[in-house]
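J.: When the sequence shown is numbered by the working numbering, its final residue is 141 and no position is left out of the sequence of numbers.
The C-beta atom is built at its ideal place from N, Cα and C for all residues, glycine as well.
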Amino acid sequence: MAGTPLEAVRPFYDHVGLELDPAERGRFVDPAKAVLDARHQLVKSGQGDCLDTNMPLDSAAYDKAELDKSLKLNEAESGESAIVVATFMALGEPHRMQWKLKKVDGEWKIADFLSVTNEWAFSLYQCE
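(1) Does V117 pass the burial test, meaning 16 or more other C-beta atoms within 10 Å, or should it be called exposed?
(2) How would you write the range of the beta strand (DSSP E) that A89 sits in, first residue to last?
(3) Apart from the five residues just before and just after D62, which ones in its own chain have a Cβ nearer than 6 Å to its Cβ?
(4) Taking only three categories from DSSP, how would you classify E132?
(5) To the nearest angstrom, how far is it from the Cα of R40 to the Cα of V97?
(6) Pick out the complete alpha helix (DSSP H) segments inside the region 27-58, 4 residues or longer, and give them in chain order.
(7) Going along the chain, which residues of its own chain have a beta-carbon closer than 8 Å to the beta-carbon of S83, five neighbours each way excluded?
(8) Who pairs with T100 in a beta bridge, going by DSSP?
(9) Could you give the C-beta distance for A21 and L114, rounded to a whole number, given that I count them as a contact under 8 Å?
(10) Quick check on E32: buried or exposed, where buried means 16 or more other Cβ atoms within 10 Å of its Cβ?
Here it is in structure tokens:
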């Protein structure tokens, strides 16, 4: 899957909505995986959804061309953990996301992501 932290994060900006695809669950590790698993059970039960759309984009409306042009990814790796910071423009507004990754069996997996701009963390979502 991902040889570097940047390679683990980039697909979420290339394919918006990827995080909600159950077939992509292998890209995640707890606590993010637990939130996605709970969301999947909630949706499957017909009770609705618990997550906002476009969460890797800070739940902002966006123009794909503007996103692609403005996206910048920076990584900092420390042993078995890493941080990737994504900065981008969404409809003229700057956004900053921070991704927390863990190395599991030699692959980088997403443990959490949070909005620096709007001060929320994916791991704090409750899907019940």
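T.: Taking the coordinates as given:
(1) The residue labelled residue 117 in the question sits at position 104 within the sequence shown. Exposed is the call here.
(2) Sequence index remark: in the sequence shown, residue 89 carries index 76 (1-based). Segment 85-91, the beta strand (DSSP E) holding A89.
(3) Your numbering for residue 62 matches position 49 in the sequence shown. Within the same chain, D62 has close Cβ partners V56.
(4) Numbered from 1 along the sequence shown, position 119 holds the residue referred to as residue 132. E132: coil per DSSP, three-state reduction.
(5) By one-based count along the sequence shown, residue 40 stands at place 27. By one-based count along the sequence shown, residue 97 stands at place 84. So the two alpha carbons sit approximately 15 Å from each other.
(6) 45-57
(7) Counting from one through the sequence shown, the residue named residue 83 turns up at place 70. The residues are T100, F101, M102.
(8) Along the sequence shown, read from residue 1 onward, the residue named residue 100 stands at position 87. Paired residue(s): K85, R109.
(9) In the sequence shown, counting from the first residue as 1, residue 21 sits at position 8. In the sequence shown, counting from the first residue as 1, residue 114 sits at position 101. The Cβ separation is near 6 Å, so the contact holds.
(10) The residue labelled residue 32 in the question sits at position 19 within the sequence shown. E32 should be labelled buried.
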